[in-house]
Structures are given as structure tokens and as C-alpha cells.
Amino acid sequence: MSTLKLANANPGRKLFSTRFATIVVWTITFLWTVPTFGLFASSFRNKQEIFLSGWWHIFTNPHLTLSNYHAVIFGSSSSTLSDGVLPYLMNSIVITIPAVIFPVVVATMAAYCLAWVKFRGSDALFFFIFALQIVPIQMSLVPLLQLFTGGAHIGSITIIPKLGIAGHFAGIWLPHTMFALPLAIYLLHNFIASLPRDLMEAAYVDGANHFKVFRQIVLPLSVPAIAAFSIFQFLWVWNDLLVALTFASGTEEVAPINVKLASLVGQWGSGWETLTAGAFVTIAIPLIVFFSLQRFFVRGLLAGSVK
Amino acid sequence: MNSFFSTNLPKFEQILVAIAAFFAILMVVFYLAGKANGRKQRPIAILVLLGPAMVLLTAGLIVPAIQTILFSFKDANSIKFIGLHNYTWLIQNPDMQKVFVNTLLWIIITPFVTTALGLFLAIMLDRMKRESVAKSLLFMPMAISFVGASVIWKFVYDFAVPSKPQTGLLSAIVRAFGFKPSNWILTQPLNTFLLMIIFIWVQTGFAMVILSAAIKAVPADIVEASALDGAFGWKLFRNITFPMVRSTTIVVFATMLVTSLKLFDIVRTMTGGNFGTSVISNEMYAEVFVRFDQGRGSALAVILFVFVTPILVYNIRNLRRERSIA
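Keeping their order, the protein sequence lines are chains A and B. Counting from 1, position 63 in the first sequence corresponds to residue 63 in my numbering; the numbering is continuous, with no gaps. Position in the second sequence (first residue = 1) + 307 = my numbering.
This is the structure:
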């Protein structure tokens, strides 16, 4: 905030007049928000109204109802969501929490190792891991699914026994952890590599081993970067469709809410009024997470990457 | 409600057990590995810290990537080697040529628009009050899943026959101006551009946040000094601000390029790749999971890979240079 005040006090920094900038930004912001507001407004309208008139009629003819939310949360016999979305919402939470914690911890360890326990080829390895970001996830789906259901073999020798975790939560946590690692290691490495050298060297001189340095210096100091990546990973896992579609069956036991919603999107007409409320419930949680933690997001993401 | 708890409580037990086991194993390994001393200490530390990541990366990305390259030279069931047949089929098939053209349109238009708009907004935001509110609202679509976004945009692009009232925002606006709305999502090639708007809607906020932070990091005294020398407005931007944020702009542009190249969800949920809107990622998914042709799907993945590689090489060279300076 202080830099902002400084900039405002400084006429030389003016690229355009303040009033012009304000008008332009708010116009674009308005355009950006309208589609989401349309869904929000629709979720409070009943079935006939959604199909017979546009959502903007809510301003001239406000007939608000909570019936869609009631149907979504408690279920209703007339809609395609007979049991409500709560079981799927629970699945989403159960999938997301470990799928954020696991890659963050594994990546922080690896990033520290690559940045401070240097060895021959550690830089090359870092660039190689960075390069793995371009492997399209679609490439990995079938081989991974085969690994989970059949194990890995060379000829008749079993290298990895079949894990039997496809269709369980573990079968979703693991792919999310794998796919998150290249970006996580890259971002955390940028941050951890920029920690003060004196601090590390003082600890080594005092006889601390790498594990002690990792736990007592690196972890506490990396909290901004870890928080930023965690938010990113949370949004990514919560909003993911592809991994969940492949590794979770569509059942109430493991399928996340996004898979359930996606299966309803194609069926315009049947239960679309509940879909509006369902979509908003799905969106609400990442929005709450994002708005309450966005300070960390930008700060941590940029540390070490913008000069 | 009782049955709700009885079915969902075990799920939370699973999380607790998994997380507790994860940290317990980690602590035991750290403790044991910390006991080692002398010459063994370093190799053991490297193994413990880097090992888990390398195992996961190998199983999850490296081996599948190699397998995919092999599969791309094999038939639909990955049994017989058929040489370059998959590739020649993909290049000669007219539907696929359309897919390649679409992908090309995506990677030419969307990274440019998102980066330019993001930079423009970042500059404008720098000038105004209450910027955090506008910033949050602009970034908001980033937190919304593509499934959620496709429901949202359904209310924009929806079309009803002219005799009925229009429930889609776009149709209603077009009609308010006296034109006849058409069935947007079915109109080629307009529909591809309508899908691009959704992508731009989602990604611009991200570009804006990163670029805005870069602009704020430009030292105030440099700007002040050049202002004293008489640099204002456009001149100041072109000669001072833009050169200072150029490297960030390139990073954002490259990120957008890769994201648009890998684009899958928007096409999948909005049109399923029908009506001439398909792109490489979507075809890849369709070949493998809908038409069960592992060979062609893998060949598409390799083509995608080849497309991305130059961007990646460029990025790594950039990264190398920056690190050697730092």
C-alpha cells in the first residue's frame, strides 16, 4: 500500500489520467462480473422463470426463491440430483485436502535439496523437472491407470505390484500429487534459492544437518511461497475434471462435485434449475478460499520470480 | 441426516489416517537419516529429500511420456508397430486439418489478447483508487472451474427460436439492437471465437495480477528521474515502464501460450469438440477414451509436445540467463 501512495503522490508516474483509468477499469470489471452475476441471479429463480425469461428480468420482476438451493442441498425427487450434492461436496473436500498437502511437502523437500544440497547435475535436474511441465496430463492417464490396476512388469518380472487403488481416494490423491510436482518444485525452488546464504551457513557451521535446517529454517521461512502454491493447488484440484473423470468412478462414494455437475451440464432441460444452485455451491468454496487468502497468493507467487 | 454422517464420517477418517501416516513416515525417516554422519550424510540427505519426488515424477510423467512416444508408432491397441502411419493419417485427414487450424487460431489469438489486456489493466489499475476490489473481481473467474464456467456462459450464449423470449444474454443484446440472434454455439467459425472469449475471461485476471506486481516493482526513483527529464504518458511507458516489465510480460505470454495449447476443458464442456470447434487436446482425449485408438491419440500427444518444445527451450534459456545474473 505504501508504494501505491508513493506512486499516486508522484505526478511523473501518471501514464493516463486517474479518472480515465478508473472509468475504463470499472467498465471492464463490470463486463467481467456480469456472466457470474447472471448465474447467481438465475439460482434464485424457479424453473418456469429460468426457461421463459432472461435472468435480467430479476430487476423488474423479482420473484426470489430458495427452492433450488433446498433441492440441491437436501435432494428432491423431481430432479436429477435425488440425494442432493452434499455427498459429492464431501468427496471434493476429502480429495482436495491431501492432494494439496502431499505435493507441497514432497516438492518443498525436493526444492530445498536442489537449491542448497547441491550435487553434480543438480542444476540440470532442476531444468529437467521444469521441462516436465509440458507433458500433457492426457498422456499420463492411461499408463497410470494401468499401473494402478495391473502393476508394472518387465517380461514376467513384477517391478511394482498392482496397487488396486483405482476408484479409491488414494487413486486420486496420487495422480494429483504427481502432476503438481513440476510447477511446485519450480516455484518453491525460486523462493528457497533466494533465502539468505549466511543464515544457512551459520546453521551448518553450528553442526545442524540438512534435515534440521530444512525443518527449522527452510520450512518456516518458506511459508509465503508454500501458502501461495497451496492456494493454487487447491483451486486446481477442486476445479479439476479430467483426473477425477479418469480415476474416480462417478459414484457417490468417491466422485467429486465437479464430475457430478459436468454430467448434468449436457442435459439442458432436466433439472437445470437445480444445476444453477449446484454450480454456485461448487464455485462458492474456491471463491471463499481465494478471497480470504489472496494476499498470500500474489505475494508468495511473485517472490523470487519477478525481478 | 443420520445416514449422511454414517456414510461420510469414514471418509474423513481416511483423510486423517492418510495424512497422519504420511507425516509419521516422514518424521521417522528424517530421524533415522539424521543419525547418519560423516561421508554418508550428504548422499543420504539427497536420497531422502529428492527421492520421493523423483519416484513420483518417474511413474507419473517420465515413463508415461516415453510410453506415449512408443504408442504413437503402434496400432489402435498398441500391439503392432505401424511406423509413421498414425502421423500420415492425422496430417491427411481433413477433419484433423480443421483441428490443427483451430489450435493454431487459439495459440495465435488468445495469448496475445490475454497478455495485452492484462498489461493494459495492470497499467490502469496502477492509476486508480480501490484497485483491490476491481482486481479481485477481475481475477475471480480464475477461481471458477471450467464446468462452473460452462454453466455461467450457457446463460450468455443460450439461444431460443425467435418466437420465444431469449434467455441468453448475447441473444437479448443483439435483439435489443434490432438484429436477429443466431444459434451462437452452432455457427461456424464464430463459435470458436466465442469459446476463446471464455478463455480470455478466465485467464486475463491471472496475467493482470502478475503484471501488476511487476509494474509496482519498478523503482519509483527511476520513474521520478525520467519524469524530471520530461518523460510522460506513452513515452514514459514505452521507454521506462515497459522495458522494466518486459521479461515478466514474456513469461506471462509463454504461460498463456502453453495453457492455450493444452486447452481442453472449455471445448469439452461447451461443445464436446463438435460443430468444428475441436482442438488437439480434445481430439487426443477423444481418440483414446471415446474412439479407443491409443495410437492416434498418442501421435496427437507427440504433435502437441513438439509444438510446445520451442517455447520451453526459450523459457529455459531465459531462466538460465537470469540465474547466472543473480
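Positions of the beta carbon are idealized from the N, C-alpha and C atoms, including for glycine. Small disclaimer: the values here were computed from a predicted structure and weren't measured.
Would you call the CB atoms of G367(B) and S43(A) closer than 7 Å?
Reading the second sequence from its first residue, position 60 is the one you call residue 367(B). Reading the first sequence from its first residue, position 43 is the one you call residue 43(A). For G367(B) and S43(A), no; Cβs fall outside 7 Å.
In this structure, how does DSSP classify K381(B) when only helix, strand and coil are distinguished?
On the second sequence, residue 381(B) is found 74 positions in, with the first residue counted as 1. DSSP places K381(B) in strand when its eight states are reduced to three.
Which one of P617(B), L611(B), V458(B), E629(B) has the shortest CA to CA distance from V406(B)?
Working through the second sequence from its first residue, we reach residue 406(B) at position 99. It is L611(B).
Which of helix, strand or coil does DSSP assign to A7(A)?
Numbered from 1 along the first sequence, position 7 holds the residue referred to as residue 7(A). Low confidence applies to A7(A): its pLDDT is 44, below 50, so where it sits in the model is not reliable, and the reading given next is rough at best. A7(A): helix per DSSP, three-state reduction.
For F388(B), list the residues DSSP reports as bridge partners.
Taking the second sequence and counting its residues from 1, one reaches residue 388(B) at position 81. According to the DSSP secondary-structure assignment, F388(B) is paired through a beta bridge with K381(B).
Just to confirm the assignment: which complete alpha helix (DSSP H) runs, minimum length 4, are found wholly within the stretch 546-613 of chain B?
549-568, 572-577, 587-596
Going by Cα to Cα distance, which pick from T511(B), F513(B), I517(B), M551(B) is closest to A307(B)?
Nothing about residue 307(B) can be reported from this structure: the residues present for chain B run from 308 to 633 only.
Three-state class that DSSP yields for F290(A) in the structure shown
As a first step, residue 290(A) is located in the first sequence; it is residue number 290 there, counting from the start. Three-state result, F290(A): helix.
Pull up the distance between the alpha-carbon of L518(B) and that of L426(B), whole angstroms please.
Within the second sequence, residue 518(B) is the residue found at index 211, counting from 1. Within the second sequence, residue 426(B) is the residue found at index 119, counting from 1. Near 6 Å, if we compare the C-alpha coordinates of L426(B) and L518(B).
Measuring alpha carbon to alpha carbon, tell me which residue in G358(B), P371(B), I351(B) is nearest Q601(B).
Here residue 601(B) refers to the residue found at position 294 when the second sequence is read from its first residue. Selection G358(B), P371(B), I351(B) evaluated against Q601(B) yields P371(B) as nearest (Cα-Cα).
In three-state terms, what does DSSP make of A255(A)?
Stepping through the first sequence from its first residue, residue 255(A) is reached at position 255. It is coil, neither helix nor strand.
To the nearest angstrom, how far is the alpha carbon of A328(B) from that of V336(B)?
One-based indexing of the second sequence puts residue 328(B) at position 21. One-based indexing of the second sequence puts residue 336(B) at position 29. C-alpha separation (whole angstroms): 12 Å.
Can you find at least 3 beta carbon pairs, one from the stretch 467-486 of chain B and one from the stretch 414-428 of chain B, that sit closer than 8 Å?
Judged by Cβ distances under 8 Å, the stretch 467-486 of chain B makes no contact with the stretch 414-428 of chain B, as fewer than three pairs qualify.
At least three beta-carbon pairs within less than 8 Å, the stretch 384-399 of chain B to the stretch 207-222 of chain A
no
With DSSP run on the structure shown, which of helix, strand or coil describes A343(B)?
The residue you call residue 343(B) lines up with position 36 of the second sequence. A343(B): coil per DSSP, three-state reduction.
Examine the Cβ distances between the stretch 195-208 of chain A and the stretch 124-134 of chain A and report whether three or more of them are shorter than 8 Å.
no
In chain B, which residues lie with their C-beta within 7 Å of the C-beta of L39(A)?
Here residue 39(A) refers to the residue found at position 39 when the first sequence is read from its first residue. Those within 7 Å of L39(A) in chain B are V458, I459, F462.
Within this structure, are the beta carbons of V509(B) and P418(B) separated by less than 7 Å?
As a first step, residue 509(B) must be located in the second sequence, where it is residue number 202. As a first step, residue 418(B) must be located in the second sequence, where it is residue number 111. No, these two residues do not count as a Cβ contact at 7 Å.
Short check: CB of A180(A) to CB of Q233(A), under 7 Å?
Residue numbering aside, residue 180(A) sits at position 180 when the first sequence is read from its first letter. Residue numbering aside, residue 233(A) sits at position 233 when the first sequence is read from its first letter. The answer is yes: Cβ separation under 7 Å.
Can you give me the Cβ contacts of M403(B) inside the same chain, cut-off strictly under 6 Å, excluding the 5 residues immediately before and after it?
Taking the first residue of the second sequence as position 1, residue 403(B) is located at position 96. Counting only Cβ-Cβ distances below 6 Å, and skipping sequence neighbours, we find L397.
Between V24(A) and M431(B), is the Cβ-Cβ spacing less than 7 Å?
For this step, residue 24(A) is matched to residue 24 along the first sequence. For this step, residue 431(B) is matched to residue 124 along the second sequence. Yes, Cβ-Cβ distance for V24(A) and M431(B) is below 7 Å.
To be precise: take each residue of the stretch 43-61 of chain A, compare its Cβ to all Cβ atoms of chain B, and keep it if any distance is under 8 Å. Which residues remain?
I50, F51, L52, S53, G54, W55, W56
Under 7 Å, Cβ to Cβ, is there at least one residue of chain A near M551(B)?
One-based indexing of the second sequence puts residue 551(B) at position 244. No, no contact with chain A.
How many Å lie between N622(B) and H189(A) at the Cα?
Sequence index remark: in the second sequence, residue 622(B) carries index 315 (1-based). Sequence index remark: in the first sequence, residue 189(A) carries index 189 (1-based). One C-alpha to the other measures close to 16 Å.
Along chain C, which residues have their Cβ under 8 Å away from the Cβ of V481(B)?
In summary, chain C is missing from the structure at hand, where the protein chains are A and B.
Taking the beta carbon of P359(B) as the centre, do at least 16 other beta carbons fall within 10 Å, making it buried, or is it exposed?
Walking along the second sequence from the start, residue 359(B) turns up at place 52. By the 10 Å Cβ count, P359(B) comes out buried.
What's the call for S222(A), buried or exposed, on a 16-neighbour Cβ count within 10 Å?
Position 222 of the first sequence, counted from the first residue, corresponds to residue 222(A). Burial call: buried.
Nearest to A184(A) by alpha carbon, out of S292(A), T108(A), H63(A)?
Walking along the first sequence from the start, residue 184(A) turns up at place 184. It is T108(A) whose Cα lies nearest to the Cα of A184(A).
Chain A contact for S313(B) (CB, 7 Å cutoff):
As a first step, residue 313(B) is located in the second sequence; it is residue number 6 there, counting from the start. Judged by the 7 Å Cβ criterion, S313(B) is not in contact with chain A.
If you check the beta carbons only, do S585(B) and L570(B) fall under 7 Å apart?
By 1-based counting over the second sequence, the position of residue 585(B) is 278. By 1-based counting over the second sequence, the position of residue 570(B) is 263. L570(B) sits away from S585(B), with the two beta carbons spaced by 7 Å or more.
Alpha carbon of S230(A) to alpha carbon of T578(B), nearest angstrom:
Position 230 of the first sequence holds residue 230(A). Position 271 of the second sequence holds residue 578(B). If you take the alpha carbons of S230(A) and T578(B), they lie about 32 Å apart.
Rounding to the nearest angstrom, what Cα-Cα distance links F37(A) and L114(A) in this structure?
Counting from 1 along the first sequence, the entry for residue 37(A) is found at position 37. Counting from 1 along the first sequence, the entry for residue 114(A) is found at position 114. One C-alpha to the other measures close to 45 Å.
Specify whether the stretch 499-515 of chain B and the stretch 456-471 of chain B touch according to this definition: at least 3 beta carbon pairs, one from each stretch, less than 8 Å apart.
The stretch 499-515 of chain B, when compared against the stretch 456-471 of chain B, does touch it at the 8 Å Cβ threshold.
Measure from the C-beta of S452(B) to each C-beta in chain A and report whether the shortest distance is under 7 Å.
Indexing the second sequence from 1 puts residue 452(B) at position 145. Cβ-Cβ to chain A under 7 Å: yes for S452(B).
Top-ranked residue by Cα proximity to P175(A), from A71(A), T18(A), F102(A):
Residue mapping note: residue 175(A) aligns to position 175 of the first sequence, counting from 1. Selected option, being the one with the closest Cα: F102(A).
If you count every other CB in all the chains shown that lies within 10 Å of the CB of F446(B), and 16 or more means buried, which is it?
As a first step, residue 446(B) must be located in the second sequence, where it is residue number 139. By the neighbour-count rule (16 or more Cβ atoms within 10 Å), F446(B) is buried.
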